[in-house]
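Reading through the structure tokens given below for one structure.
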Amino acid sequence: MKDLRVGDVVEVEVERLVPGGAGLAHAHGRTLFVALAAPGDHVRVRIERVRGGVAFAVIAEIITPAPARIEPPCPYFGRCGGCDFQQLTYGAQLEAKVEMICDCLRRIARLTPPADIPITPAPDAWHYRARAQWQYDRERKRLGYYERGSHTVCDVAACPVVVPALQTLLSELRAAVAARSLPEDAHDFQGVAGADDAVSLAPPVWTDEVRETVRTIGGERYRFDAACFFQINHALLEPLVRAAIRDAHGTTAVDLYCGVGLFTLPLARRFERVTGVEANARAGAYARRNLMDAQLTNARIETAPTGQWLARHARKLAPVDLVLLDPPRTGADAETTNAILALRPQRIVYVSCDPATLARDLRALVNDDGYTLDSIAAFDMFPQTHHVETIAHLSRAQRELNEHRPAAA
Ligand SMILES: C[S@@+](CC[C@H](N)C(=O)[O-])C[C@H]1O[C@@H](n2cnc3c(N)ncnc32)[C@H](O)[C@@H]1O
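With the numbering used here as the guide, the letters of the sequence shown map in order to residues 130 to 538.
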């Protein structure tokens, strides 16, 4: 194995894209992760970092482009850390995402991936993001996203993945940067767009408080604002909720990491009792209001971290028909997965925005004594990036069911 050093340039063939979005290649007995690559690229790459037997590289020259490679349309691509898949045709992006999910299931969950993992494409691969976080560098008068792999602000005048209402908000904020009229202590801004292009901004700039906005998904009305979580790609939310809830119905359901109640409301129409658990008090308050506006009195929202809340109260909930969990990118903590296993719901629906943490948590949940992975489906909520939303349906493993079945008379 030749020693690879930072700054070395080597010629490689990119084999495939791996979880995290990088291209996998090999050179001098080392594994290389190549940023912004396409599978099949023949490239010269420059080593940026070496860690043990692994090196991280950037493309210095494209010798022969992969068939899936296209010219990235955004002028900031490569420098801006927001997107990392614009170099791929949309079809290749979808294929890579399914491959990444399979890779995580095999390597992390130690499961054989189902033969078919369907992926629902985004109706719009551009101008789809209804939520954005912009960084603000007051000294340099810059506003945009962090540059790739750094905390330097990339000054972005126009972003091709945000919805038009957010582009207008970005332009207004940039005019305020030029006029030095933004709050002294602001470092970043969260912007969200709802129905009729109504936007909400946190921290607020032109209003005293963070403004509320609203969105109707699958006939349910959700109020929310920029200071709490709401999903990014609204065009995919109706099929996402449908695929998560399917034909579920019964007595008791639990919605963990419930946010403003995206899944809590439809669950409350199908189950007699629903408990939502959410750590963010602001999101929890919206969830209660959204339930009240929908006149759904059979659901309650608990404001607490899921693990802590389940450790104290899970016993009172049993028996539970369905647990739906939709944690942040970090996945569920061990306290939460252990509590779910102890609760023994008939079915689990795991909605995830990171296949790696999903796979880690599936490793804890799926086994002969716990749950069977029935199906897994992907939704391309984040075109032009390597991120992907996944829904896994689990049911109680047969052995576990048999053990708890009353003996035949
Ligand atoms: C991916 S979002 C999902 C929200 C909601 N299910 C939806 O689809 O709109 C994750 C949510 O979990 C909340 N959260 C993060 N850590 C938590 C924890 N330890 N316990 C409970 N909620 C948490 C966040 O505030 C956020 O609202």
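Glycine included, each C-beta is placed from N, C-alpha and C at the ideal position. Since the model is a prediction, treat every value here as computed from it, not as a measurement.
Based on Cα-Cα distance, which residue from the options lies nearest to residue i?
| i | options | result |
| --- | --- | --- |
| Ala372 | Gln216, Gly207, Thr519 | Thr519 |
| Leu385 | Arg145, Cys231, Thr249, Ile430 | Ile430 |
| Glu464 | Ala443, Asn419, Leu217, Cys482 | Ala443 |
| Pro293 | Asp325, Ala356, Gly210 | Asp325 |
| Ala461 | Leu295, Asp450, Ala408, Gly390 | Ala408 |
| Arg350 | Leu295, His363, Tyr257, Pro474 | His363 |
| Thr486 | Pro250, Asp503, Arg235 | Arg235 |
| Val282 | Asp170, Val291, Arg267, Asp455 | Arg267 |
| His171 | Arg180, His155, Arg178, Cys233 | His155 |
| Ala488 | Ile469, Thr514, Asp503, Ala521 | Ala521 |
| Leu494 | Gln513, Ala468, Pro484 | Ala468 |
| Ala423 | Gly390, Leu299, Leu451, Thr435 | Gly390 |
| Phe358 | Val135, Thr381, Thr432, Gln319 | Gln319 |
Go ahead and pull the three-state DSSP assignment for residue i.
| i | result |
| --- | --- |
| Trp438 | helix |
| Ile230 | helix |
| Thr404 | strand |
| Ala537 | For Ala537, the pLDDT reaches just 45, beneath the cut-off of 50, and the residue's location in the model is therefore unreliable, although a value from the coordinates is still provided. In this structure, Ala537 counts as coil in the three-state DSSP scheme. |
| Tyr257 | coil |
| Asp490 | helix |
| Leu146 | strand |
| Ser524 | strand |
| Ile374 | helix |
| Asp314 | coil |
| Val343 | strand |
| Arg561 | The shown model of the chain, from 130 to 538, leaves out residue 561, and the question about it has no answer. |
| Tyr219 | helix |
| Ser504 | strand |
| Ser329 | strand |
| Gln262 | strand |
| Gln319 | strand |
| Arg178 | strand |
| His280 | coil |
| Ile469 | helix |
| Glu367 | helix |
| Leu161 | strand |
| Leu272 | strand |
| Thr297 | helix |
Expressed to the nearest angstrom, what Euclidean distance is found between the alpha-carbon atoms of residue i and residue j?
| i | j | result |
| --- | --- | --- |
| Gly273 | Pro196 | 32 Å |
| Ile176 | Ala286 | 31 Å |
| Ile346 | Ala259 | 14 Å |
| Ala164 | Leu472 | 42 Å |
| Ile192 | Arg173 | 7 Å |
| Asp213 | Arg277 | 9 Å |
| Ala537 | Arg441 | Confidence at Ala537 is low in this model, with a pLDDT of 45, below 50, so the placement of that residue should be treated as unreliable; the coordinate-derived value is given next. Between Ala537 and Arg441, the C-alpha separation is close to 35 Å. |
| Leu396 | Asp455 | 14 Å |
| Asp314 | Arg458 | 27 Å |
| Asp245 | Arg271 | 45 Å |
| Val183 | Pro474 | 42 Å |
| Val290 | Gln527 | 45 Å |
Taking 7 Å as the line, does the beta carbon of residue i fall inside it for any heavy atom of ligand 1?
| i | result |
| --- | --- |
| Thr435 | yes |
| Pro457 | yes |
| Ala372 | no |
| Phe185 | no |
| Gly347 | no |
| Cys387 | yes |
| Asn409 | yes |
| Leu451 | no |
| Val406 | yes |
| Gln541 | With the chain covering 130 to 538 only, the question about residue 541 has no answer from this structure. |
| Leu391 | yes |
| Ala463 | no |
| Ala412 | yes |
| Cys209 | no |
| Cys231 | no |
| Cys482 | yes |
Label residue i either buried or exposed according to how many other C-beta atoms from any shown protein chain fall within 10 Å of its C-beta, with 16 as the threshold for buried.
| i | result |
| --- | --- |
| Trp263 | buried |
| Ala221 | buried |
| Val138 | exposed |
| Val517 | buried |
| Ser329 | buried |
| Trp539 | This structure does not reach residue 539, given that the chain is present from 130 up to 538, and the question cannot be answered. |
| Thr79 | Missing from the structure shown is residue 79; the chain here goes from 130 to 538 and no further. |
| Ser310 | exposed |
| Gly405 | buried |
| Pro448 | exposed |
| Met421 | exposed |
| Thr466 | buried |
| Ser279 | exposed |
| Thr160 | exposed |
| Pro247 | exposed |
| His515 | buried |
| Val135 | exposed |
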